[in-house]
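Quick notes on the structure that follows.
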Amino acid sequence: MSSAATSTTYVLRGARPLGGEPVDLVLADGTIAEIAPVGESAAGTRGGDDVVVVDATDLVALPGLVDLHTHLREPGREDAETIESGTRAAAAGGFTAVHAMANTTPVADTAGVVEQVWRIGRDAGWVDVHPVGAVSVGLAGEQLAELGAMADSAARVRVFSDDGKCVSDPILMRRALEYVKAFDGVVAQHAQEPRLTEGAQMNEGVVSAELGLAGWPAVAEEAIIARDVLLAEHVGSRLHVCHLSTAGSVEIVRWAKGRGIDVTAEVTPHHLILTDDLARGYDPTFKVNPPLRTAADVEAVRAGLADGTIDIVATDHAPHPVEDKDCEWAAAAFGMTGLETALAVVQETMVDTGRLTWADVARVLSANPARIGRIDSGPTAQGRPLEVGEPANVTLVDPAARRVVDGSTQATASVNTPFQGRELPGRVVATFLRGRATVLDGAPVEEVRA
2 MSSAATSTTY VLRGARPLGG EPVDLVLADG TIAEIAPVGE SAAGTRGGDD
52 VVVVDATDLV ALPGLVDLHT HLREPGREDA ETIESGTRAA AAGGFTAVHA
102 MANTTPVADT AGVVEQVWRI GRDAGWVDVH PVGAVSVGLA GEQLAELGAM
152 ADSAARVRVF SDDGKCVSDP ILMRRALEYV KAFDGVVAQH AQEPRLTEGA
202 QMNEGVVSAE LGLAGWPAVA EEAIIARDVL LAEHVGSRLH VCHLSTAGSV
252 EIVRWAKGRG IDVTAEVTPH HLILTDDLAR GYDPTFKVNP PLRTAADVEA
302 VRAGLADGTI DIVATDHAPH PVEDKDCEWA AAAFGMTGLE TALAVVQETM
352 VDTGRLTWAD VARVLSANPA RIGRIDSGPT AQGRPLEVGE PANVTLVDPA
402 ARRVVDGSTQ ATASVNTPFQ GRELPGRVVA TFLRGRATVL DGAPVEEVRA
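Taking this note's numbering, the leading residue of the sequence shown gets 2, the next gets one more, and so forth.
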């Protein structure tokens, strides 16, 4: 796909911005050029080969979605995903920007590696790719990585994480929090006390006891979050909590925010809807880190997202080759795909239940993740409102549609979706990256590379 600017003007006729009244949204020269009553836009009446009118009747228009937590696997694990396939999946899911996690091979712990990821993403052209830099060299948790060099690189890294592993050493975590202050960065913590989760296979509770699988206690997550919010307060730095999953974690973040600590948190789509009961079938598809929790935890994270304690939804899209999942539970890899089902899960659990509006969805899936990642300003700004003059990053969703998930037909290179065969609401009809269509009629737009 070419990443060159488009000369095509798109008129999204009858679109409903944030679920509101229908209008014509005109996308031209990379920006939202006009918002007019239906059928009255200047572009829509001009006609010509360079004007494409998209029937957006009854479709909800959202700012392009932004994922703060995506595993693209490249470099090193192209058997699971490539930047090309992963970002194509992101566009199909309504995303216009993703943050690519650092646990690649080699690890993204130097300016050279993050620039490589950034350039490959730019050339692919499906979405903006913002590399996440490792906190520690090789994710080993022993020595700080080149945080400043990555921040000053062409990739302009602002999010740092050893995700997949916890920065368990409090001294190293403190130093990282202190270091990123110099360039307004943020440390995104994978909250998992390693000594409490050695050999753990699933959530510790009734189901793990019945199945005889080693339990993963909620306190292993909560203890790290409690420690780190206090460290962030002590040094006056920004902390982001990855894939929060327990009721206790919600309460700790709520307490920290009430105290004025600069902490943000994310929840994954799968933790909004799936529970540890799914482990009863020993299907490794449902093996994930952190593990699926109880129904009470699911209710707590939904409530936390609804009241703003949890700032964003992030996919933690974790593709794996078939052989890493088609095996016994204990040997299987942790992780699930999520880019192409995230919006549907948020609609089912939060919008259709009345807990969030479409304006709230724009906040938790676009504006807030862009702000946390510091990509909400400048010529390639993401997460901006649907207003005249703003970048034309737009997603059109049909909220009335229903679809049955089939991992084999998704754009991602891996099939380990936990929603295989499940009917979910909503359908991404179109995605526009700075006015260029990446998805139309629900399918990625193939173009000849420049």
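For glycine and all other residues, C-beta sits at the position ideal for the given N, C-alpha and C.
- In the DSSP annotation of this structure, the continuous segment of the alpha helix (DSSP H) that includes T88 starts and ends at I84 to A93.
- Under DSSP, W119 forms no beta bridge with any residue.
- Approximately 15 Å separates the beta-carbon atoms of Y11 and V39; this is outside 8 Å, ruling out the contact.
- Sequence-distant partners of V24 (beyond 5 residues in either direction) whose C-beta falls short of 6 Å from its own C-beta, in its chain, are I36.
- Put simply, the backbone Cα of D407 is about 14 Å away from that of A93.
- Under DSSP, A44 takes part in no beta bridge, so it has no partner.
- If you draw a straight line from the Cα of G186 to the Cα of R375, it comes to about 8 Å.
- With respect to the 9 Å criterion, A101 and V130 are classified as neighbours on the basis of their beta carbons.
- Two segments are said to touch when three or more pairs of C-beta atoms, one from each, lie closer than 8 Å; by this definition the segment 208-216 touches the segment 280-290.
- In the DSSP assignment, E211 falls within the alpha helix (DSSP H) that extends over V207 to L212.
- Under the three-pair Cβ rule at 8 Å, the segment 393-403 counts as touching the segment 53-72.
- 9 Å or more divides the Cβ of R89 from the Cβ of P370.
- The alpha-carbon separation between A304 and L275 amounts to approximately 15 Å.
- Taking the CA atoms as reference points, W127 sits about 44 Å from V207.
- For W127, the three-state secondary structure derived from DSSP is coil.
- The Cβ atoms of R78 and T105 lie closer than 9 Å to each other.
- With a contact defined as Cβ atoms closer than 8 Å, L387 and M351 miss out at about 20 Å.
- Per the C-alpha coordinates, the member of S415, R372, D163 and E349 positioned closest to C243 is D163.
- The continuous alpha helix (DSSP H) containing Y180 extends over residues P171 to V181.
- Cβ contact annotation for E85 (same chain, cutoff 7 Å, sequence separation greater than five): A125, in chain order.
- Setting aside the 5 residues that flank it on each side, A438 is surrounded in the same chain by V446, each with a C-beta closer than 6 Å to its C-beta; the list follows chain order.
- Around the C-beta of V395, 16 or more other C-beta atoms lie within 10 Å, and the residue is accordingly described as buried.
- Secondary structure note for E424: it is in no alpha helix (DSSP H), and the uninterrupted beta strand (DSSP E) holding it is E424 to L434.
- A distance below 6 Å between beta-carbons, with the five flanking residues on each side excluded, links H271 to the following residues of its chain, in chain order: M337 and P419.
- With at least 16 other beta carbons inside 10 angstroms of its own, E222 counts as buried.
- Here D298 is near A219, since their CB atoms are less than 9 Å apart.
- When the Cα atoms are used, E424 and A296 turn out to be separated by approximately 20 Å.
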